[in-house]
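Enquirer:
Residue numbers (the numbering used here): 7 to 180.
#1: Could you check which residue in 22, 109, 46 and 50 has the C-alpha nearest to that of residue 67?
#2: Does the pairing of the segment 55 to 71 with the segment 149 to 168 give three or more beta-carbon distances under 8 angstroms?
#3: Please go through the segment 14 to 79 and give each complete beta strand (DSSP E) segment of 3 or more residues, from N-terminal end onward.
#4: Spell out the partners DSSP gives residue 143 in its beta bridges.
#5: What residue range does the beta strand (DSSP E) around residue 159 cover?
#6: Hey, residue 94 and residue 85: beta-carbon distance below 8 angstroms or not?
#7: Looking at the secondary structure, which residues open and close the beta strand (DSSP E) in which residue 116 lies?
#8: For the beta strand (DSSP E) that contains residue 103, what are its first and last residues?
#9: Is it buried or exposed, residue 100, if we count other Cβ atoms within 10 angstroms and call 16 or more buried?
#10: Could you give the DSSP three-state label for residue 166: helix, strand or coil?
#11: Hey, would you say residue 74 sits closer than 8 angstroms to residue 44, going by beta carbons?
#12: Out of 21, 53 and 79, point me to the one whose CA is closest to residue 91's CA.
#13: When you compare only the Cα positions, how much space is there between residue 28 and residue 98?
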């Protein structure tokens, strides 16, 4: 769960925003929110086209947090992409919510969907010729920890933590 004492930014992305992305950036993102937002919540329509928009917003948040290590960024964006893609693909809901925050030595990622699917997120091991089914295997491989929560309303939250690279100092106030 998200700690409640952090300053956060909420970004609501609509289908219209996605259709004309990145021109909609200034309408969607509060001015100068990234450097002070210790956590971010991205609310997106459950569309495949929302995944690159989510990555773009996450990159901006990483920049605002001064997390520039390529390995950390790559792993975080990979895990976020996989979790977001799975939520969109397997949920019957119309929206997904992605939450990202930083603790001293970890990046935390949660993706929440509204459920509606009988499918429970699990790691699969598809054969070499299969094109799909590797998302959670990648998440399990490249995150420190990951897990899932199925809520009473059948919604699902899948979470993961990605280590910050050695040499990235704890967040300092701007």
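Glycine included, every Cβ here is placed at the ideal spot set by N, Cα and C.
Expert: This is what the structure gives:
#1: Position 61 of the chain shown holds residue 67. Taking only the C-alpha atoms, the option nearest residue 67 is 46.
#2: Short answer: they don't touch.
#3: 14 to 18 and 45 to 51
#4: Reading the chain shown from its first residue, position 137 is the one you call residue 143. None, per the DSSP bridge assignment.
#5: Within the chain shown, numbered from 1, the residue matching residue 159 stands at position 153. Run containing residue 159: none; DSSP gives neither H nor E here.
#6: On the chain shown, residue 94 is found 88 positions in, with the first residue counted as 1. On the chain shown, residue 85 is found 79 positions in, with the first residue counted as 1. Not in contact: residue 94 and residue 85 (Cβ atoms no closer than 8 angstroms).
#7: Here the question's residue 116 lines up with position 110 in the chain shown. Taken as a continuous stretch (DSSP letters only), the beta strand (DSSP E) holding residue 116 covers 112 to 119.
#8: The residue labelled residue 103 in the question sits at position 97 within the chain shown. In the DSSP assignment, residue 103 falls within the unbroken beta strand (DSSP E) covering 101 to 108.
#9: To locate residue 100, count along the chain shown from 1; it is residue 94. Residue 100 comes out exposed.
#10: Residue 166 sits at position 160 when you count from the first residue of the chain shown. Residue 166 sits in a strand when the DSSP states are folded into three classes.
#11: Residue numbering aside, residue 74 sits at position 68 when the chain shown is read from its first letter. Residue numbering aside, residue 44 sits at position 38 when the chain shown is read from its first letter. Cβ atoms of residue 74 and residue 44: not closer than 8 angstroms.
#12: As a first step, residue 91 is located in the chain shown; it is residue number 85 there, counting from the start. Comparing Cα positions, the closest option is 53.
#13: For the purposes of this step, residue 28 is taken as the residue at position 22 of the chain shown. For the purposes of this step, residue 98 is taken as the residue at position 92 of the chain shown. Roughly 27 angstroms between the two C-alpha positions.
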